Amino acid sequence: MLSALRRIPFAVQVLAALVVGVALGIVARQLGGTAEDPNWLALTLDTVGSTFVTLLRTIVPPLIVLAVISSIANLRNTANAARLAGQTLLWFAITALIAVGIGIGLGRLFQPGVNADVDAGAAQAPDAGSQGSWLAFLESLVPTNFLGVTAETSEEAGSLATSLDFNALQLIVIAIAIGIAAVRVGSAAEPFLAFTRSALTVVLKVLWWVIRLAPLGTVGLLGNAVYSYGWTTVGALGQFALAIYTGLALVLFVVYPVLARLHGLSPLKYFTGVWPAVQLGFVSRSSMGTMPVTQRVAETNFGVPRHYSSFAVPFGATTKMDGCAAIYPAIAAIFVSQFYGVPLGLTDYLLIVFVSVIGSAATAGTTGATVMLTLTLSTVGLPLEGVGLLLAVDPILDMGRTAVNVAGQAFVPALVAKRERIMDVARFHAPRGLGGFVAPDSGEELRADAERTAADAAESEARTDAADGDEAPGGHGTAAAPAGRAAP
36 MLSALRRIPF
46 AVQVLAALVV
56 GVALGIVARQ
66 LGGTAEDPNW
76 LALTLDTVGS
86 TFVTLLRTIV
96 PPLIVLAVIS
106 SIANLRNTAN
116 AARLAGQTLL
126 WFAITALIAV
136 GIGIGLGRLF
146 QPGVNADVDA
156 GAAQAPDAGS
166 QGSWLAFLES
176 LVPTNFLGVT
186 AETSEEAGSL
196 ATSLDFNALQ
206 LIVIAIAIGI
216 AAVRVGSAAE
226 PFLAFTRSAL
236 TVVLKVLWWV
246 IRLAPLGTVG
256 LLGNAVYSYG
266 WTTVGALGQF
276 ALAIYTGLAL
286 VLFVVYPVLA
296 RLHGLSPLKY
306 FTGVWPAVQL
316 GFVSRSSMGT
326 MPVTQRVAET
336 NFGVPRHYSS
346 FAVPFGATTK
356 MDGCAAIYPA
366 IAAIFVSQFY
376 GVPLGLTDYL
386 LIVFVSVIGS
396 AATAGTTGAT
406 VMLTLTLSTV
416 GLPLEGVGLL
426 LAVDPILDMG
436 RTAVNVAGQA
446 FVPALVAKRE
456 RIMDVARFHA
466 PRGLGGFVAP
476 DSGEELRADA
486 ERTAADAAES
496 EARTDAADGD
506 EAPGGHGTAA
516 APAGRAAP
């Protein structure tokens, strides 16, 4: 049974899990229950889905630290390390600029705030903890402790409960500092760097075990989403939801493919390569939770060197969010302005663009985009109470937003690697294996085939040149005597 399951392509397994998840979610809704007292099926789906996301998030902190330190150690031998970092930031900004432009255009076209059928009494400002601010973003860059861990205490069932979480930006800052220090120390740090590389290999193996559970996690996550939110809530905000998903589709199916084609990359290979990360991002609604898969996609399917991807992907998971930080806040800001009758001028639209391109790191890879939206609304001067109007459909929209986020987080490193001629192009165009990833030796086989083809062509051309030179009687440089005249 298990061997037969392994022969089923991983992508097919996840597609089947999507269908099963939706079906079980519908069944769970029919069984009844509430959010406070869910039925047995809903509780099971929630447990399965949340456990899978917890496993993914557990592997993220060591992966970020080990990968960033190893990448910095590897980049010391790369002459264009600073250029790679600059190109990455540049293309993050370019694609975000395109995405926010699409969002503003669709917001003006669909007029979502004018056509909304929601009660203004539902408007409420989000709590202070979920509001974004430039000062809070700058403060979040400074690690509060060596592990980048934050603790939060809350009261549950009459008792105090403390939960721990990690700050991805702080982890990256810590890892960069350690990596640079290890490089500056020199030979004395070699044992430490060797341990880091070895530990990274072990963590990646554990990661793959977790990834194999993705079909099961998909069933739980999507089934619980259908049970908890349903699809009927979209009706009141239909124009808004349609505008969001239209913008997301344009970025995913038009912007990225066009940029890929302009750089000599196959859009079809891009889609098949990024699919494992997109499908997981869609159901998990977490860029950080999907980051391990995104990095595997960049390295294994797109041929991005590990020394670069281990820097670009974790950094992108906190700052590269075309869905949450560009499309969504642009359309949502226009929705709020139209709903409350507050006109937006050219300066306001430029501020929306600025926040989307520069301030996307404020979302920090967390589930949802409330932080980014409040940052945008406060910068433009729109009422924060408008956030409450959109919460009903936020989980449904967040699935699409996160899918586009992770697609961009894998695409930009591939684009930069291709432009800087460090991409394994043969691996990018190689067939995907049963797990959705390129087989370990596929890229090498294709390169060997290409080299053999080039050698055969060169040999054939040499034989042709030799044959052309021997056609004339007397060999090279001796012309045949014209008819009727004796040769000298």
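Residues in the sequence shown are numbered consecutively from 36, following the working numbering. No residue lacks a Cβ here, since even glycine has one placed at the ideal position from N, Cα and C. Quick caveat: nothing in here was measured; it's all calculated off a predicted structure.
Shown here for ALA438: same chain residues with a beta carbon closer than 6 Å to its own, the five before and five after excluded, namely VAL313, GLY316 and PHE317 in chain order.
One Cα belongs to LEU426, the other to ALA117, and the distance between them is close to 41 Å. Counting only residues of its own chain and dropping the five nearest sequence neighbours on each side, PRO302 has a CB closer than 7 Å to the CB of PRO292, ALA295 and ARG296. For the pair of segments examined, the stretch 135-149 was found to touch the stretch 367-375: the number of CB pairs separated by less than 8 Å reaches three. Annotation: the continuous alpha helix (DSSP H) that includes ALA461 extends over 460-463. Contact check for ILE366 against GLY282 passes: the beta carbons are separated by less than 8 Å. The Cβ-Cβ distance between MET326 and VAL95 falls below 8 Å. For GLY358, the secondary structure class from DSSP, reduced to helix, strand or coil, is helix.
For GLY255 against GLY84, the beta-carbon gap comes to about 3 Å, under 8 Å, which counts as contact.
In the DSSP assignment, no residue is bridged to GLY67.
Comparing C-alpha distances from PHE127 to each of ALA217, ARG320 and ALA445 shows the shortest one belongs to ALA445. From the listed residues TYR280, ASN259, THR382 and ALA449, the smallest Cα separation to SER344 is found for ALA449. Shown here, ARG341 sits in a helix according to DSSP, grouped into three states. Note on GLY443: 16 or more other CB atoms within 10 angstroms of its CB, so buried under the neighbour-count rule.
Contact between ALA216 and LEU228 does not hold, since their C-beta atoms are separated by about 11 Å, which reaches or exceeds 8 Å.
For ILE99, the closest alpha carbon among the candidates SER263, PHE288 and THR353 is that of THR353. Annotated as distal: GLY221 and ILE104, with beta-carbon spacing of 8 Å or more. In terms of Cα proximity to GLY121, the closest of VAL422, ASN202 and VAL451 is VAL451.
Nearest C-alpha to VAL447 among ALA52, VAL47 and THR329: THR329. For GLU334, the closest C-alpha among the options THR93, GLY324, VAL309 and ARG320 is that of VAL309. Counting only the Cα atoms, PHE87 lies some 36 Å from HIS298. Inter-residue distance for ALA63 and PHE346 is about 42 Å (C-alpha atoms, whole angstroms).
Here VAL54 is exposed. Its C-beta has fewer than 16 other C-beta atoms within 10 Å. The alpha carbon of VAL57 has as its nearest neighbour, out of LEU424, LEU76 and PRO418, the alpha carbon of LEU76.
Taking 8 Å as the cut-off, the Cβ atoms of VAL261 and GLY435 do not count as close.
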